[in-house]
Amino acid sequence: MAGNCKILEGDCLKLLRKEITEQIDLTFFAPPDVREKEQWVFDDGRREYSYWDWLKEILSRIYRTTNDGGAVYFMHSEKNTEDVLRILRESEWTLQNLIIWKNRVSAVPSKLHYGRHYQLLAFVTKGKRPRIFNRLRVDLPPSPEHKHSRTNGVYLTDVWDDIREVASEYSLSGEHLKGSKGNLIRRTQVPVALLLRIILASSVPGDTVFDPFAGTGTTLVVAGQTYRNCIGIEIDPEYVRVIKNRLKYQRPVDNVTQYYSYYRYTQNLSSIWPVEKRSIPAQKPFI
Ligand SMILES: C[S@@+](CC[C@H](N)C(=O)[O-])C[C@H]1O[C@@H](n2cnc3c(N)ncnc32)[C@H](O)[C@@H]1O
Numbered sequence: 035m036a037g038n039c040k041i042l043e044g045d046c047l048k049l050l051r052k053e054i055t056e057q058i059d060l061t062f063f064a065p066p067d068v069r070e071k072e073q074w075v076f077d078d079g080r081r082e083y084s085y086w087d088w089l090k091e092i093l094s095r096i097y098r099t100t101n102d103g104g105a106v107y108f109m110h111s112e113k114n115t116e117d118v119l120r121i122l123r124e125s126e127w128t129l130q131n132l133i134i135w136k137n138r139v140s141a142v143p144s145k146l147h148y149g150r151h152y153q154l155l156a157f158v159t160k161g162k163r164p165r166i167f168n169r170l171r172v173d174l175p176p177s178p179e180h181k182h183s184r185t186n187g188v189y190l191t192d193v194w195d196d197i198r199e200v201a202s203e204y205s206l207s208g209e210h211l212k213g214s215k216g217n218l219i220r221r222t223q224v225p226v227a228l229l230l231r232i233i234l235a236s237s238v239p240g241d242t243v244f245d246p247f248a249g250t251g252t253t254l255v256v257a258g259q260t261y262r263n264c265i266g267i268e269i270d271p272e273y274v275r276v277i278k279n280r281l282k283y284q285r286p287v288d289n290v291t292q293y294y295s296y297y298r299y300t301q302n303l304s305s306i307w308p309v310e311k312r313s314i315p316a317q318k319p320f321i
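Each residue of the sequence shown is one higher than the last, beginning at 35 in my numbering.
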């Protein structure tokens, strides 16, 4: 039996005020970029917001409906760090880590600064202590300067360089969702492996995972398979349709068990991530 997932169509702030009655344990927060004005739609009859005030209001709402110790992973580009940390602090979240998710494709410098080669994930909690923090171990191959091969993996740190982005001009993993003309339907689609890691580290089966900007629905796809309940909100009806299809007809690339072996050295993995033994594929390198 998988987790219970629902997708709501509409404005996340409005729905958070009116319809979300569940207590949330973990939120993945990837809002539309500040430059993509056409995408940050909000429908609040009461007031006009600036972009950062709008996000702060949403984070405050999420804070109220999150269980003590519950977490948010706020994904953003490094240039917005000052504003992101400010609004998280002002909405009462406590910073645990700034995680670097390193891109795999190369980055070109501008005339002013180095090429930007990573995204940041601000991992914050309600209160000082996370309710759940599972210390994941991964089967990362040793670097060339290591003399010995590892026999029981290594703890995951705040630098994640082993997860490839779904789509870029030069590299496409098989995960990207295509439109009718074979085009990418969303440049910012996040990989299954990224959400899997976040969900495994900061929740347990039966918890409720929330995504207020669901996009192509990766959070829901992973939460359901890992026995978490999930609520996603998406304002664009076209994406709501994509998410429903993605949940209904699971694609092999969305199957999370392909990553099980990579995490096999994690203590109590089977209680964090119940999987039928026979469905675990043969070991496959993650990178
Ligand atoms: C950066 S994308 C999210 C990408 C997503 N994580 C994925 O993997 O596809 C932001 C999404 O937020 C949606 N959105 C914009 N304003 C919204 C609002 N007020 N309420 C809910 N969703 C909204 C956009 O339609 C877009 O799909």
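Virtual Cβ for every residue (Gly too), placed ideally from N, Cα, C.
When beta bridges are read from the DSSP output, S111 appears opposite Q153. From the listed residues W135, P286, A248, the smallest Cα separation to P315 is found for P286.
Only buried fits R280, as 16 or more other CB atoms lie within 10 angstroms of its CB. Contiguous beta strand (DSSP E) elements confined to the region 112-137 occur at 128-136, taking only those with 3 or more residues.
Residue state for D59 is assigned as strand, using DSSP reduced to three classes.
Annotated three-state conformation of E272 is helix, per DSSP. M109 and L154 have their C-alpha atoms spaced approximately 6 Å apart. Under DSSP, W194 shares a beta bridge with W135. Using a 10 angstroms sphere on the CB of V193, the tally of other CB atoms stays under 16, which defines it as exposed. Under the three-state reduction of DSSP, T159 is assigned to strand. Here S183 is exposed: its Cβ has fewer than 16 other Cβ atoms, across all protein chains shown, within 10 Å. With a cutoff of 8 Å on beta-carbon distance, I265 and L42 are scored as near each other.
Remark: C-beta atoms of K160 and G103 approach each other more closely than 8 Å.
When the alpha-carbon of V226 is set against those of K212, G251, T185, the nearest one is in G251.
Following the DSSP letters along the chain, one finds E91 inside the alpha helix (DSSP H) bounded by residues 85-98. For K52, the uninterrupted alpha helix (DSSP H) segment begins and ends at 46-52. Inclusion of Q223 and G187 in the CB contact set at 8 Å is not warranted, their separation being larger than that value. Within the region 216-276, the runs of alpha helix (DSSP H) that reach at least 4 residues and sit entirely inside it are, in chain order, 226-236, 252-259.
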